């Protein structure tokens, strides 16, 4: 009985944390280290485990059994649907430097994919700006943050129908600071063969 109560308590705690994240975390923010996804997975797994135990055990109240049946059915439908299933997979993280992280923002239906720069703040990653959009962005590597120029340098591999390009690109983190150092940035771009992205 104690094991069943602990399992049910763990499920309810995970559900509460998921609701807090959904209600109070602004759109576009992430919990660092994919903690939000881990909480969601733990909530789903404990919910399914409780439902299985409830089928075999008479200790659960009828209302709890009904809730677990509805939760399990809803979760299975959510996982089975191709659009919502993608929400359970963390977006690819290409890497980071000096507290900044570059991630792919999941595309919805036919929207182009966005590459977004995030800044770490405690347990969260907050979006700073969208760096680039494209349908065929395969990889981003060699990420380097230049805080003195408020810039981020990275290698972007872009493939399309019959072509493949690999370019070193430099993006602004803070546009106002970036523009103040425009002459230095242009000089750096010539020296290192960078494409300046506005």
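Residue numbers (our numbering): 49 to 246. Glycine included, every Cβ here is placed at the ideal spot set by N, Cα and C. This structure is a prediction, so every number in the text was calculated from the model and none was measured.
Problem - First through last residue of the alpha helix (DSSP H) which encompasses residue 95 - result: One-based indexing of the chain shown puts residue 95 at position 47. Start and end: 83-104.
Exercise for the section: Would you kindly report the start and end of the unbroken alpha helix (DSSP H) that includes residue 228? Expected result: As a first step, residue 228 is located in the chain shown; it is residue number 180 there, counting from the start. Residue range 223-228 is occupied by the alpha helix (DSSP H) that includes residue 228.
Exercise for the section: Given a cut-off of 8 Å, decide if residue 174 and residue 197 are closer than it, judged by their beta-carbon atoms. Expected result: In the chain shown, counting from the first residue as 1, residue 197 sits at position 149. In the chain shown, counting from the first residue as 1, residue 174 sits at position 126. Against a cut-off of 8 Å, the Cβ pair of residue 174 and residue 197 comes out as no contact.
Problem - Touch test, the region 108-122 against the region 68-82, Cβ-Cβ under 8 Å, three pairs minimum - result: Judged by Cβ distances under 8 Å, the region 108-122 makes no contact with the region 68-82, as fewer than three pairs qualify.
Problem - Between the CA atoms of residue 145 and residue 237 - distance to the nearest angstrom - result: By one-based count along the chain shown, residue 237 stands at place 189. By one-based count along the chain shown, residue 145 stands at place 97. Between the alpha carbons of residue 237 and residue 145 lies a gap of roughly 19 Å.
Problem - Same chain, Cβ closer than 8 Å to residue 150, neighbours up to 5 away in sequence not counted - result: Residue numbering aside, residue 150 sits at position 102 when the chain shown is read from its first letter. Once the five neighbours on either side are set aside, the close Cβ partners of residue 150 are 141, 142, 143, 144, 163, 164, 165, 166, 179, 188, 191, 200 and 202.
Practice task
Count the other C-beta atoms from every protein chain shown that fall within 10 angstroms of the C-beta of residue 94, then say buried if there are 16 or more, exposed otherwise.
Solution key: In the chain shown, residue 94 corresponds to position 46, counting from 1. Residue environment: residue 94 is assigned as buried (16 or more neighbouring CB atoms within 10 Å of its CB, all protein chains considered).
Exercise for the section: May I ask you to verify whether the region 61-79 touches the region 96-115, counting CB pairs closer than 8 Å and requiring at least 3? Expected result: Verdict: no, contact absent.
Practice task
Return the residue from the list 87, 84, 124 and 88 that minimises the CA-CA distance to residue 99.
Solution key: What you label residue 99 is simply residue 51 of the chain shown in a count that begins at 1. Per the Cα distances, 124.
Problem - Range of the contiguous alpha helix (DSSP H) that encloses residue 118 - result: Numbered from its first residue, the chain shown carries residue 118 at position 70. Segment 110-128, the alpha helix (DSSP H) holding residue 118.
Practice task
Would you mind stating whether residue 218 and residue 242 have Cβ atoms separated by less than 8 Å?
Solution key: In the chain shown, counting from the first residue as 1, residue 218 sits at position 170. In the chain shown, counting from the first residue as 1, residue 242 sits at position 194. At the C-beta level, residue 218 and residue 242 come within 8 Å of one another.
Problem - DSSP three-state assignment for residue 52, whether helix, strand or coil - result: Locating residue 52 in the chain shown gives position 4, counting from the first residue. In the structure shown, residue 52 sits in a helix (DSSP, three-state: H, G or I).
Exercise for the section: Could you check if residue 91 is buried or exposed, using at least 16 other CB atoms within 10 Å of its CB as the buried criterion? Expected result: Mapped onto the chain shown, residue 91 falls at position 43. So residue 91 counts as buried.
Exercise for the section: Tell me where the beta strand (DSSP E) around residue 152 begins and ends. Expected result: Taking the chain shown and counting its residues from 1, the one referred to as residue 152 is at position 104. Residues 148-153.
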